[in-house]
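Positions in the sequence shown are counted from 1; adding 54 to them yields this note's numbering.
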Amino acid sequence: MKKLITCCILLLSVIFVKAQDRQAILKVMETSRLAWNKGALESFMQCYWKSDSVMFVSPTGPTFGYANTLKNYKQTFAKTKTSMGKLTYAIKKVELINKDNAFVYGGWNLKYTKRSSSGYYTLWFKKINGEWKIVVDHSS
Numbered sequence: 055m056k057k058l059i060t061c062c063i064l065l066l067s068v069i070f071v072k073a074q075d076r077q078a079i080l081k082v083m084e085t086s087r088l089a090w091n092k093g094a095l096e097s098f099m100q101c102y103w104k105s106d107s108v109m110f111v112s113p114t115g116p117t118f119g120y121a122n123t124l125k126n127y128k129q130t131f132a133k134t135k136t137s138m139g140k141l142t143y144a145i146k147k148v149e150l151i152n153k154d155n156a157f158v159y160g161g162w163n164l165k166y167t168k169r170s171s172s173g174y175y176t177l178w179f180k181k182i183n184g185e186w187k188i189v190v191d192h193s194s
């Protein structure tokens, strides 16, 4: 009976930790979305790992490194707050691969005054120093 109770406690603790990690990832996504919609590009970028190893893949090809990714975002969007549009996400799946890695899949939409654009993303999140950060972003 003790083994059964121990197994149940362990199972519940694993489920609880996964739920916490899932919520933490969703909070990172929401925080970045809110920063984007305020026109705060550098705050938006806090969801990315500050490393030369971070990778962003767009329709034009891959970009490596946090600084290069930020530079590309600034060149494309940061002319004015309105040039960034209003960002929304449709998060379809958050899958925890293990205690330090997660996969997120969904859609994005940018609404501007007279037009909108949309696409999909797949994100590899990694827990680094206790925080969930995007290490690979494939957005199209």
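No residue lacks a Cβ here, since even glycine has one placed at the ideal position from N, Cα and C.
Could you have a look at residue i and say whether DSSP puts it in helix, strand or coil?
i	result
A132	coil
Y120	helix
D75	helix
T167	coil
V158	strand
A89	helix
S137	helix
K81	helix
K104	coil
L66	Note that L66 has pLDDT 43, beneath the 50 cutoff, so the model's placement of it is unreliable and the number below is only indicative. In this structure, L66 counts as helix in the three-state DSSP scheme.
S112	strand
Cutting at 6 Å between CB atoms, please list the residues of its own chain near residue i, excluding the five before and the five after it.
i	result
G110	As written in the sequence, residue 110 is Phe, which differs from the Gly given in the question. Result list for F110: T117, T123 and D191, in chain order.
A144	G160 and G161
A78	W186
D75	L150
E84	none
N126	T117
Check the C-beta distance from residue i over to residue j and give it rounded, since I have them as a contact under 8 Å.
i	j	result
S193	Y175	4 Å
L141	N91	6 Å
L95	F131	7 Å
F98	S86	5 Å
Return the residue from the list the options that minimises the CA-CA distance to residue i.
i	options	result
Y120	P113, T114 and S107	S107
L177	K128, I188, E84 and K153	I188
K153	G93, S171, K180 and E84	K180
M138	G173, N126, G93 and T114	G93
Quick one: residues in its chain with C-beta nearer than 7 Å to the C-beta of residue i, no 5 flanking neighbours on either side, listed in chain order?
i	result
I182	W103
D149	With the sequence shown as reference, residue 149 is identified as Glu, and Asp is not the correct amino acid for it. The answer, listed in chain order, is A156 and F157.
V82	C101 and W186
Measuring from the CB of residue i, is there a heavy atom of the ligand NAP at a distance below 8 Å?
i	result
S193	As far as ligands go, the structure on display features none, and thus does not contain the ligand NAP.
Grab me the residues of residue i's own chain with a C-beta within less than 8 Å of its C-beta, minus the 5 sequence neighbours each way, in chain order.
i	result
K168	none
S105	G119, Y120 and V189
S170	G139, N163 and L164
K147	F157, V158, Y159 and G160
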